[in-house]
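In what follows, a single structure is set out as structure tokens and then discussed.
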Amino acid sequence: MNASDTVDEADAESSCDGTDPQAVLSTAEQSDVEAQETLNVSYERLRHSTDSTELSDMAHAPLPDSSDQAAFSRSTALLEAVAGNPNTPVEDRVFLAERMPFPNVLVKLSTDSEADVRAAVAGNASDKNWLVGRLAKDADARVRSAALQNPQASWRIRLEGAQTQDLDAQTLAYLATLGTENEGDAPVILATMVRQAVAQNSGTDERTLRTLSEDSQAEVAGAARHSLQGLSKDAEKPEE
Numbered sequence: 001m002n003a004s005d006t007v008d009e010a011d012a013e014s015s016c017d018g019t020d021p022q023a024v025l026s027t028a029e030q031s032d033v034e035a036q037e038t039l040n041v042s043y044e045r046l047r048h049s050t051d052s053t054e055l056s057d058m059a060h061a062p063l064p065d066s067s068d069q070a071a072f073s074r075s076t077a078l079l080e081a082v083a084g085n086p087n088t089p090v091e092d093r094v095f096l097a098e099r100m101p102f103p104n105v106l107v108k109l110s111t112d113s114e115a116d117v118r119a120a121v122a123g124n125a126s127d128k129n130w131l132v133g134r135l136a137k138d139a140d141a142r143v144r145s146a147a148l149q150n151p152q153a154s155w156r157i158r159l160e161g162a163q164t165q166d167l168d169a170q171t172l173a174y175l176a177t178l179g180t181e182n183e184g185d186a187p188v189i190l191a192t193m194v195r196q197a198v199a200q201n202s203g204t205d206e207r208t209l210r211t212l213s214e215d216s217q218a219e220v221a222g223a224a225r226h227s228l229q230g231l232s233k234d235a236e237k238p239e240e
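All residue numbers for the sequence shown refer to the UniProt record's numbering, where the first residue is 1 and numbers rise by one.
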């Protein structure tokens with residue numbers, strides 16, 4: 001009997017028992033399918049779970065070593081389910097928002113109903129700049145402030161923030177340090193534009209204006225002095 005006869009007999013046996021030889025999965029392929037099915041089931045269970053203790057434990061569970069790619073990917077996927085479940089305690093969602101570097105988890109938490117959670121995401125330095133930009137326009141002032149102070153914020157977003165008249169004084173004070181005390185290697189022109197916008201903002205406090213009035217860039221210093229003069233005139237107005 002030659003080799004071709006052996007193959008023909010094997011195919012014949014497969015045909016007899018109703019099995020298509022081309023449809024038979026390898027052991028590895030079957031394992032992959034089973035693992036994916038298990039992940040999907042686990043994801044949906046956690047996404048809809050009402051067991052806050054289990055969800056909290058999952059939020060704080062140590063991650064597998066990243067060298068085990070399959071286990072690591074599974075864990076980050078399940079964290080997304082935990083992050084998106086409103087039954088996960090708020091403090092645990094804040095924990096994930098502050099600590100996690102994974103885009104899928106941060107994006108999920110960025111739409112959380114709790115402002116504390118969104119603010120934690122906004123302050124996470126692992127954010128993508130587009131996500132920071134979206135959070136810089138959040139309805140909650142704390143979220144906007146955290147986003148504008150995130151090192152991943154684009155210069156366009158920072159400039160828009162510095163030009164916003166209802167921005168809080170503390171955030172304006174931070175933006176006033178860009179290119180000087182903070183991010184000293186920042187592009188001079190862009191950092192100067194942000195500081196000048198802060199100097200022209202009516203919400204900037206006197207202390208910040210006095211610092212900016214001594215700025216090394218003439219346009220910033222001039223704008224700050226002009227704003228200080230306006231404050232002095234307002235202070236001199238008699239009370240009605």
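Glycine residues also receive a C-beta, built at the ideal position from the N, C-alpha and C atoms.
query	result
LEU212 beta carbon less than 8 Å from that of ALA218	no
Closest by C-alpha distance to VAL121, when choosing among LEU96, ALA141, VAL82 and MET58	LEU96
Stretch pair the segment 179-188 + the segment 164-171: three plus CB contacts closer than 8 Å	no
Segments assigned beta strand (DSSP E), at least 3 residues, entirely inside the segment 101-175	none
Closest residue to ILE157 among LEU135, GLN165, SER75 and SER42 (Cα-Cα distance)	LEU135
Assigned exposure category for ASP65 - 16 Cβ within 10 Å defines buried	exposed
Three-state secondary structure (DSSP) of LEU209	helix
First and last residue of the uninterrupted alpha helix (DSSP H) at LEU78	69-83
Under 8 Å between C-beta atoms of VAL90 and LEU55	no
Residue range of the unbroken alpha helix (DSSP H) whose run includes GLU91	90-99
Residues of its chain near ALA141, where Cβ-Cβ distance is below 7 Å and the 5 sequence neighbours each way are ignored	ASP168
THR53, buried or exposed, once every other Cβ within 10 Å from all chains shown has been counted against 16	exposed
Pair within 8 Å by beta-carbon distance, LEU39 and ASN85	no
Selected residue, minimal CA-CA separation from GLY203, among LEU78, MET193 and LEU175	LEU175
Sequence-distant residues of the same chain with beta carbon closer than 6 Å to PHE102, five excluded per side	THR76
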